[in-house]
Every structure is written in structure tokens, then in C-alpha cells.
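**Q** If you read the sequence shown in my numbering, its first letter stands for residue 3, the second for the next number, and so on.
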Amino acid sequence: MALICLAIAMWLIPALSLGADDNASPAEVMDAFNTAIDRGDAKAAASLLTRDATVFEMGLADRSRRDYEGLHLKLDIEFARTTTRTLVSRRQGADGSLHWILSLYKGEGTFEGKRVLGSTAETALLRQVAGRWRIAHLHWSTHDVLLEEAKPNAK
Numbered sequence: 003m004a005l006i007c008l009a010i011a012m013w014l015i016p017a018l019s020l021g022a023d024d025n026a027s028p029a030e031v032m033d034a035f036n037t038a039i040d041r042g043d044a045k046a047a048a049s050l051l052t053r054d055a056t057v058f059e060m061g062l063a064d065r066s067r068r069d070y071e072g073l074h075l076k077l078d079i080e081f082a083r084t085t086t087r088t089l090v091s092r093r094q095g096a097d098g099s100l101h102w103i104l105s106l107y108k109g110e111g112t113f114e115g116k117r118v119l120g121s122t123a124e125t126a127l128l129r130q131v132a133g134r135w136r137i138a139h140l141h142w143s144t145h146d147v148l149l150e151e152a153k154p155n156a157k
């Protein structure tokens with residue numbers, strides 16, 4: 003019985019730490035979303051989006067959470083596994099039940115055999131759903147400073 007309780011607790015603790023609770027601020031929800039992607043937890047990331055969330059990325063639009071889960075979420079997780087990004091700055095504000103967050107990130111790593119070094123601007127709109135902040139819209143814009151074939155160190 004103790005093992006079952008421990009297993010349940012170990013399953014619940016990561017979900018709770020993702021900021022999905024009623025008291026999570028909009029910034030905590032965004033951080034939880036990005037942490038879920040970094041950890042490869044598609045279910046946790048998707049749970050922080052509204053059903054009708056729109057995601058704009060690379061000139062394409064996912065017009066619902068289901069659309070985003072269908073393709074781009076998996077690609078975002080794959081990209082996060084081989085790259086790192088660091089928050090450079092963040093501004094935020096609110097008007098009633100709508101909250102906006104503007105974040106700038108620096109990133110680097112290797113993806114699909116190419117070295118990636120660049121910056122990403124993230125615009126997020128969050129709204130309250132059943133008393134919890136959820137992501138209603140995301141827009142990522144990336145500027146690659148360096149994108150070249152990754153080469154092993156030659157000696």
C-alpha cells in the first residue's frame with residue numbers, strides 16, 4: 003500500500019510543480035509551459051492551453067490546442083531536447099481577465115545536424131478559464147544569428 007501511495011505521489015508532484023494549480027500567476031503558467039516542453043511532457047504543456055488556443059510559429063498557424071498537439075508540439079519538444087534557451091527579458095501587463103507576456107530568449111544548440119544560435123521573441127496572451135490562467139495565444143518569432151552544418155572538432 004505504501005508503494006502505491008508513493009507511486010501516486012511521484013506521479014502527482016511533477017504535475018503540481020508545473021504551475022497548473024488555481025493560484026498560478028500568468029508568468030508561472032508560461033514558465034510551466036516552457037518547462038513541460040523542455041521535459042518532453044506534451045500532456046502537461048497542452049493542459050496549460052485553452053481549447054481554442056492559437057499558436058503562430060514559423061509563419062504557420064495552429065488554430066486550436068488539438069491542432070498544436072497534432073504536430074508542432076512534438077517538434078517543439080524535439081527542438082528543446084537538443085537546444086537550450088535562456089530568458090533575457092520579460093514584460094507583462096493585464097486588462098481585466100486578459101494578461102499579456104512578452105519574453106525574449108537567447109538559444110543555442112544543434113538541431114537536425116545544424117548548429118543553432120539565435121534569439122526568440124515570445125508573445126503570450128493568457129485568459130482565465132474556470133479561475134485558472136491558461137494560454138489562449140502564443141506567437142514565436144525567431145532570428146537565427148548562426149545556422150550552419152554542425153561539424154565535429156577537427157584536430
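A virtual CB, placed ideally from N, CA and C, is assigned to each residue, including glycine.
Please read all numbers here as calculations on a predicted model, not as lab measurements.
1. Which class does E30 belong to by DSSP, given the choice of helix, strand or coil?
2. Going by CA-CA distance only, name the one from T84, A126, V118, R93 that's closest to L100.
3. Considering only the alpha carbon of each residue, which of D78, S91, A55 lies closest to N36?
4. Between the alpha carbons of D54 and L128, how many angstroms are there, rounded?
5. Would you mind reading off the limits of the beta strand (DSSP E) that contains E59?
6. Can we say the stretch 39–58 touches the stretch 137–144, given the rule of at least three CB pairs closer than 8 Å?
7. On a CA-only basis, which of A34, H74, I103, L50 is nearest G61? Give me that one, please.
8. Give the DSSP-derived three-state secondary structure of R68 in the structure shown.
**A** The short version:
1. Position 28 of the sequence shown, counted from the first residue, corresponds to residue 30. Secondary structure at E30: helix, using DSSP grouped into helix, strand and coil.
2. Indexing the sequence shown from 1 puts residue 100 at position 98. Of the candidates T84, A126, V118, R93, the one whose C-alpha sits nearest the C-alpha of L100 is A126.
3. Sequence index remark: in the sequence shown, residue 36 carries index 34 (1-based). In terms of Cα proximity to N36, the closest of D78, S91, A55 is D78.
4. On the sequence shown, position 52 is the one that residue 54 refers to. On the sequence shown, position 126 is the one that residue 128 refers to. When only Cα atoms are considered, D54 and L128 end up about 12 Å apart.
5. Translated into the one-based positions of the sequence shown, residue 59 becomes position 57. 51–59 is the extent of the beta strand (DSSP E) around E59.
6. Enough Cβ pairs lie closer than 8 Å, so yes.
7. Counting from one through the sequence shown, the residue named residue 61 turns up at place 59. Out of A34, H74, I103, L50, H74 has the C-alpha closest to the C-alpha of G61.
8. Position 66 of the sequence shown, counted from the first residue, corresponds to residue 68. Looking at R68 - three-state DSSP - the assignment turns out to be helix.
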